Amino acid sequence: MTRGWRVPVALVALTLVPAVAGSLRLLELAGGPQLLPGNPRVDASPAPVVVHVLAAIVYAFLGAFQFSARLRRSRPAWHRRAGRVLVGAGLLVAGSGLWMTLFYPDAPGGDLLWGVRLVVSSAMGAAIVLGFAAIRRRDIATHRAWMIRAYALAVAAGTQAFTGSIGEGLFGTSDLTTAISISMGWVINAAVAEWAIRRAPAVAARRRRARPASA
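Counting from 7, one number per residue, gives the positions in the sequence shown under this note's numbering.
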């Protein structure tokens with residue numbers, strides 16, 4: 007595998023677990039077998055979950071390939087078209103997440119996780135809007151930074167599959183441990199996003215210096 011495809015492939019792998027879980031939930035809502043624990047909140051109001059899962063799958067998988075510098079350079083028109091789809095899908099993810107936070111009662115994690123979800127959904131939506139506004143101004147660096155932040159928050163479900171399991175294994179199940187474990191997934195992804203954003207100028211400078219030597 008070439009180096010340019012490692013990040014997209016890693017991101018696709020990260021999103022596989024939540025994508026499979028979401029697909030199983032959609033299958034159940036469509037009348038298929040129940041393969042996941044029951045969720046009365048979803049059964050009572052399934053539409054936001056359907057929107058959230060479908061939009062998240064599109065956003066996660068299509069968005070992963072926006073991280074391929076080679077693809078961006080070789081197919082800029084594809085990058086722009088995919089970006090427009092991602093703006094819509096991302097806003098649906100953030101909006102449906104916000105709706106479920108506000109209107110689904112008694113979600114695990116208590117008030118702490120409720121507040122974190124409110125902040126994360128709002129932050130993701132704001133990041134997408136700011137990223138879109140930046141590219142309209144032709145400010146590519148700012149566009150890239152905000153879109154990386156939005157994507158990192160969106161795909162945290164993959165990280166939460168690990169932090170949730172570790173937290174439950176070490177500290178048991180309670181609203182507090184659930185809130186902390188799930189929140190750590192967003193914290194980790196946000197930290198990695200900021201590292202990638204700050205690292206980008208140095209990587210670009212090294213590539214520019216390497217080109218004359220390889221010519």
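Ideal Cβ positions, reconstructed from N, Cα and C, are used throughout, including at glycine.
Model, not experiment: these values are computed from the prediction.
query                                                                                              : result
Closest by C-alpha distance to Val125, when choosing among Thr21, Ala88, Ser189                    : Ser189
Gly137 - DSSP class collapsed to helix/strand/coil                                                 : helix
Asp117 to Arg76 span [Cα, whole Å]                                                                 : 44 Å
Exposure label - Gln72; buried when at least 16 CB within 10 Å                                     : buried
Contact set for Val64: own chain, Cβ-Cβ below 6 Å, skip 5 residues either direction                : Ala95
Among Ile154, Ile146, Ala196, nearest to Gln166 - alpha-carbon criterion                           : Ala196
Close Cβ partners of Val56 (< 7 Å) along its chain, the five nearest in sequence each way excluded : Leu32, Leu35
Ala113, DSSP secondary structure in three states                                                   : coil
Residue of Leu41, Ala61, Gly89, Gly69 minimising C-alpha distance to Val99                         : Ala61
Rounded distance between the beta-carbons of Phe67 and Val13, thought under 8 Å                    : So it is not a contact: roughly 14 Å between Cβ atoms.
Bounding residues of the alpha helix (DSSP H) (the contiguous stretch that carries Trp152)         : 146 to 160
Test item: CB-CB of Gly28 and Val48 under 8 Å                                                      : no
Short Cβ contact (8 Å threshold) for Pro24 with Ala199                                             : no
N-terminal and C-terminal residue of the alpha helix (DSSP H) that Ser51 is part of                : Careful: Ser51 lies outside any alpha helix (DSSP H) and carries neither H nor E.
Range of the contiguous alpha helix (DSSP H) that encloses Arg76                                   : 75 to 80
Local conformation of Leu41 per DSSP, three classes                                                : coil
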